[in-house]
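Read through the structure below, which is laid out as structure tokens, and then see the notes.
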Amino acid sequence: MQNMLRTLGNRGFSNASLETEFQVAYRSYGTRFLFVSSTVAAVYFLVFFSFDLLTGHRQVTDQVQLGRLGLSCGLLLFGSATRLNKSFFTRHYTAAFVAIVSLVCLLSNMIITTGHWQDDPMSLLWGLTSATVFATVMVYGFARLTAGPTLLIASGIGLLALAFAYQQPQAHGTGFQRMVVHLVAANALGYCLYRFSLARERKLFLQSKRKNHIAELRRTKEQAESASRAKTAFLANMSHEIRTPMNGVIGALSMLNDEHLSERDRLFVKSARDSARNLMHLLNEILDYSKLDAHKVRLSPTPFDPLSLISSVAHAFQATAEQKGIGIRRDCHHVPADIRSLTGDEGKMRQVLLNLVSNAVKFTQCGEVLLSLSVRKLGSEMARVTLDVSDTGVGIPPDSIDKLFQPFYQVESGSNRSYGGTGLGLAICKQIVDEMGGEITVRSVLGIGTTFEITVDMPYSTEALSEAERLQGSEGFADTQPPALAELRLQGEVLLVEDNEVNAFIATMTLESLGVSCQHARNGEDALALFGQNAFDVVLMDCEMPVMDGYEAARRIRQMEAADTARERTPVIALTAHALSGDREVCLANGMDDYLTKPFDREALALLLSRWLPVATNA
Ligand code: ATP
Ligand code: MG
């Protein structure tokens, strides 16, 4: 029965599941139609009641008028009831019950009429009409069928009533005509109401569906975002946790003096150093990738000299390439002579190039690696920069080309791997180049060689870089480090604030080997006490410590200095395992002057301290 009703009640959604959903939803929407249609029917009877009363055609006490009034009140009560208890009126058995009651009303009206037709044909015709209209409304409201079956049933009821009335000879004439008009009008009205309500309900249904859909999408998006945030936070924490002990490992290894070791021990130390370096490379790549993945990387474009970028990258691999017996060549002939600088994120460009050249060197056994740069003007401001890194190495099979830029993909995987690496290098390159709005492509012939090509549009300038801009560009690049750090000796007294015993031990040993004397504090509070009693040339401050952290301690030191005018400003250098972007800014904002990420080796510490401490003259 229910299935039959459903098929009869199809409301034109071609998608079956949508149709089923709408039918379920329409059951409760349908009560609104019941309310409207019964109210309209009540008004319909009230209009005739008032018309006949005003024209003096009938009195209030007239049987017909009383019938109309009773019917109107009944319909209004019924309409209100559908509003008050929706769930009751959405049930199928309620629908069946009301439909039966209305049909019984109609039939009983016919039976009563049969006996009393001669007494008052007009009022009996009215009773018949009203009952028919009532039954019709019920059919529209409850069966909730499509237009066809509804019209069929409603016309059936109407015709039944008409046929019955037509058999009564007394009822012929104007009375009968009026009955026909009323029945047709009631049916037409009911049908219009039905169409109107159906269209409205469909619209509401689709609207609420869309709203739910959007809410669902938003929820999913939020979940994904919070998962991604959790992932990044986890990576940041892990990197912090791993960097702290790595500090001890790398520091201790860098302190081991190779000269006093046997050949065998030297090999052990070398393996340990190589492994530590590889582990740091892996940590850094995973961090880089996760930062890029979370779109946490902001490009910071500055003017830079593309020629010196290329030469510094080539320089960085000179030694490795020479060891392997391959050459590194540069070709920068296709750069217009008047272009003196480009504006872009030089650091990120360098990272991409270093990755590509490192691959080229890694996968080439003989021949050469060629780094070529060409710049083409696109107008008076923009230029198209094309960078090619070609090698004469092993090449890449055609079916692997598409997958190269996926994270962790390596052509040689599994147990027969002969090259190291994580497979993140190219994924990082692609993300950086995408972020720059550029494109990275690859051409390769197996056994012959590979060419990676980057194309990026950048603004150019015909003016030479200022001294400050040139220095800024080369910051942090190994090539520009002062040589002979190994022999560097410094002077001065350092306050080392560090809670981890191993790290404190390594740092103390490193400082002593640099010729610097040092006092050690285990947390911010101890540090403040020591700082109050002695003068130091530099404070090396760990950031995360129990009792009082490094940020707080740095702020307090600045306050102490402000209170004591005789005291000079002491440089405070943060030592932190936080390597995410923005951490440097946090340190500087808390009154610190410089920043060194853990793990650091002897060279890094020496280089940093050489900026703040005088070099020993007698070294
Ligand atoms: P790392 O994360 O340390 O860079 P990786 O070098 O293996 O590890 P990618 O730089 O992403 O990772 O390179 C992915 C793979 O693409 C490499 O493993 C290699 O199989 C292939 N590949 C990349 N560059 C070349 C090249 N110049 N010649 C041949 N194969 C290459
Ligand atoms: Mg690589």
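Going by the working numbering, the first residue of the sequence shown is number 428, and it counts up by one from there. Every residue gets a Cβ at the ideal spot worked out from N, C-alpha and C, and that includes glycine.
Within a Cβ cutoff of 6 Å, which residues of the same chain sit near residue i, ignoring the five residues on either side of it in sequence?
{"i": "residue 787", "result": "796, 816, 818"}
{"i": "residue 948", "result": "924, 954, 957"}
{"i": "residue 1019", "result": "981, 999, 1001"}
{"i": "residue 812", "result": "802, 883, 885"}
{"i": "residue 821", "result": "790"}
{"i": "residue 978", "result": "1017"}
{"i": "residue 902", "result": "The predicted model places residue 902 with a pLDDT of 45, which falls under 50 and marks its position as unreliable; any figure quoted below should be read in that light. Cβ within range, chain order: n/a, list empty."}
{"i": "residue 724", "result": "718"}
By how many angstroms is the C-alpha of residue j removed from the C-alpha of residue i?
{"i": "residue 809", "j": "residue 846", "result": "40 Å"}
{"i": "residue 836", "j": "residue 942", "result": "47 Å"}
{"i": "residue 878", "j": "residue 1032", "result": "38 Å"}
{"i": "residue 458", "j": "residue 516", "result": "6 Å"}
{"i": "residue 1003", "j": "residue 881", "result": "35 Å"}
{"i": "residue 647", "j": "residue 712", "result": "29 Å"}
{"i": "residue 875", "j": "residue 708", "result": "29 Å"}
{"i": "residue 1030", "j": "residue 933", "result": "13 Å"}
{"i": "residue 733", "j": "residue 770", "result": "9 Å"}
{"i": "residue 593", "j": "residue 603", "result": "7 Å"}
{"i": "residue 578", "j": "residue 501", "result": "24 Å"}
{"i": "residue 651", "j": "residue 637", "result": "21 Å"}
{"i": "residue 936", "j": "residue 645", "result": "55 Å"}
{"i": "residue 991", "j": "residue 915", "result": "34 Å"}
{"i": "residue 468", "j": "residue 584", "result": "16 Å"}
{"i": "residue 750", "j": "residue 739", "result": "18 Å"}
{"i": "residue 498", "j": "residue 466", "result": "11 Å"}
{"i": "residue 1028", "j": "residue 804", "result": "44 Å"}
{"i": "residue 1025", "j": "residue 754", "result": "34 Å"}
{"i": "residue 443", "j": "residue 628", "result": "18 Å"}
{"i": "residue 1012", "j": "residue 689", "result": "45 Å"}
{"i": "residue 485", "j": "residue 595", "result": "23 Å"}
{"i": "residue 539", "j": "residue 514", "result": "35 Å"}
{"i": "residue 904", "j": "residue 659", "result": "Confidence at residue 904 is low in this model, with a pLDDT of 39, below 50, so its placement is unreliable and no value can be given for it."}
Go through its chain and collect everything with a Cβ distance to residue i's Cβ below 7 Å, but skip five positions before and after it.
{"i": "residue 536", "result": "554, 555, 558"}
Have a look at the options and flag the residue whose alpha-carbon is nearest the alpha-carbon of residue i.
{"i": "residue 611", "options": "588, 594, 1041, 827", "result": "588"}
{"i": "residue 656", "options": "634, 720, 804, 640", "result": "720"}
{"i": "residue 931", "options": "919, 972, 961", "result": "972"}
{"i": "residue 678", "options": "664, 660, 703", "result": "703"}
{"i": "residue 834", "options": "617, 714, 682, 691", "result": "714"}
{"i": "residue 767", "options": "873, 888, 793, 1025", "result": "888"}
{"i": "residue 506", "options": "488, 839, 492, 525", "result": "525"}
{"i": "residue 475", "options": "625, 496, 441, 614", "result": "496"}
{"i": "residue 919", "options": "693, 445, 1036, 960", "result": "1036"}
{"i": "residue 785", "options": "742, 681, 827, 800", "result": "742"}
{"i": "residue 858", "options": "745, 513, 722", "result": "722"}
{"i": "residue 1022", "options": "666, 967, 995, 872", "result": "967"}
{"i": "residue 960", "options": "939, 814, 994", "result": "994"}
If we count the other Cβ atoms within 10 Å of its Cβ and call it buried at 16 or more, is residue i buried or exposed?
{"i": "residue 447", "result": "exposed"}
{"i": "residue 806", "result": "exposed"}
{"i": "residue 532", "result": "buried"}
{"i": "residue 853", "result": "buried"}
{"i": "residue 608", "result": "exposed"}
{"i": "residue 685", "result": "exposed"}
{"i": "residue 863", "result": "buried"}
{"i": "residue 1014", "result": "buried"}
{"i": "residue 509", "result": "buried"}
{"i": "residue 478", "result": "exposed"}
{"i": "residue 793", "result": "exposed"}
{"i": "residue 944", "result": "exposed"}
{"i": "residue 698", "result": "exposed"}
{"i": "residue 906", "result": "Reliability fails at residue 906, whose pLDDT of 40 lies under 50, so the model's placement of it is uncertain and no value is given."}
{"i": "residue 691", "result": "exposed"}
{"i": "residue 625", "result": "buried"}
{"i": "residue 745", "result": "exposed"}
Please work out which residues of its chain come closer than 8 Å, Cβ to Cβ, to residue i, disregarding the five sequence neighbours upstream and downstream, and give them in chain order.
{"i": "residue 773", "result": "729, 731, 736, 900"}
{"i": "residue 860", "result": "779, 866, 867, 881, 883"}
{"i": "residue 832", "result": "853, 854, 856, 857, 867"}
>> Extract the residue ranges of the alpha helix (DSSP H) inside the region 1001 to 1035, only unbroken runs of 4 or more that lie entirely within it.
In response: At a cut-off of 4 residues, the continuous stretches assigned as alpha helix (DSSP H) that sit fully inside the region 1001 to 1035 are 1010 to 1016.
>> Restricting to runs no shorter than 3 residues, where is the beta strand (DSSP E) found entirely within the region 922 to 976?
In response: 944 to 948, 965 to 969
> Which ranges would you report for the beta strand (DSSP E) in the region 842 to 882 if only whole runs of at least 3 residues count?
Replying inline: 866 to 872
>> Restricting to runs no shorter than 4 residues, where is the alpha helix (DSSP H) found entirely within the region 720 to 794?
In response: Counting only runs of 4 or more, we get 733 to 751, 773 to 789.
> Residues with a Cβ closer than 6 Å to any heavy atom of ligand 4, in chain order?
Replying inline: This structure simply doesn't include ligand 4; it includes ligand 1 and ligand 2 instead.
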